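The block underneath contains the structure these notes are about, expressed in structure tokens.
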Amino acid sequence: MALIAADTRIPELAKALTAAGITYIAPGEETTLSDRLTLVPASLAKGLEYDYVVLDEPRTIVNAEPDERTGLRRLYVSLTRAVSGLIVTHTTPLPHQLT
1 MALIAADTRI PELAKALTAA GITYIAPGEE TTLSDRLTLV PASLAKGLEY
51 DYVVLDEPRT IVNAEPDERT GLRRLYVSLT RAVSGLIVTH TTPLPHQLT
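According to full-length UniProt numbering, the residues represented by the sequence shown are 1 to 99, in order.
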């Protein structure tokens, strides 16, 4: 399972996961029985594949890029990393392309 987020959100999410007692690994590290969650910066998601993905704040992923077109491409890559299931979480409005 992966949690994919804008690169700028990774430190905040890592801190929250640690505070909640949830262990995670970085992309490329092997999962174990106790470490099943991979915390993935959106910029590193291309080429990766996970059974389940939680995508954090799509608007932040789009806004993190120099222009909207590049941001939407990054979002598309992030959205398509899931093989079996995708959950999108957000507190800010979704990009209009997702509504």
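Built from N, CA and C at the ideal position, the CB exists for glycine as well.
These figures come from a predicted structure and were not determined experimentally.
Shortest Cα-Cα distance from tyrosine 52 to any of Ala64, Leu39 and Ala6 involves Leu39.
Secondary structure at aspartate 56: strand, using DSSP grouped into helix, strand and coil.
Following the DSSP letters along the chain, one finds serine 78 inside the alpha helix (DSSP H) bounded by residues 68-79. Classified as buried, alanine 5 has 16 or more neighbouring CB atoms from the shown chains inside 10 Å of its CB.
Comparing alpha carbon positions, the residue from Thr18, Pro27 and Ile22 closest to aspartate 7 is Pro27.
Shown here for alanine 45: same chain residues with a beta carbon closer than 6 Å to its own, the five before and five after excluded, namely Ile4, Val77, Ser78 and Arg81 in chain order.
Taking 8 Å as the cut-off, the Cβ atoms of valine 62 and leucine 48 do not count as close.
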